[in-house]
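Below: the structure, in structure tokens.
Residue numbers (the working numbering): 26 to 76.
Shown next, in the form of structure tokens:
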């Protein structure tokens, strides 16, 4: 019976692991994209000022 409960619980556990994984990826990607966006904005700003 416990084994059946475990197998019924497993899809939600997999879903939880998947959402946790994607949020970890998002948290890891957010600073990178932010710094990339900042440097891109700075580069465009410098290019506009240079002209």
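Beta carbons: idealized from backbone N, C-alpha and C, even for Gly.
Alpha-carbon to alpha-carbon, residue 53 and residue 76 = As a first step, residue 76 is located in the chain shown; it is residue number 51 there, counting from the start. As a first step, residue 53 is located in the chain shown; it is residue number 28 there, counting from the start. Whole-angstrom Cα-Cα distance: 36 angstroms.
**Study point:** C-alpha distance - residue 71 paired with residue 51, whole-angstrom precision
**Key:** Looking up residue 71 in the chain shown gives position 46. Looking up residue 51 in the chain shown gives position 26. For residue 71 and residue 51, the distance between alpha carbons rounds to 29 angstroms.
Nearest-angstrom Cα separation, counted from residue 55 out to residue 27
Within the chain shown, residue 27 is the residue found at index 2, counting from 1. Within the chain shown, residue 55 is the residue found at index 30, counting from 1. The straight-line gap from Cα to Cα measures roughly 40 angstroms.
For residue 76, does the three-state DSSP call read helix, strand or coil? Locating residue 76 in the chain shown gives position 51, counting from the first residue. If DSSP states are grouped into helix, strand and coil, residue 76 belongs with coil.
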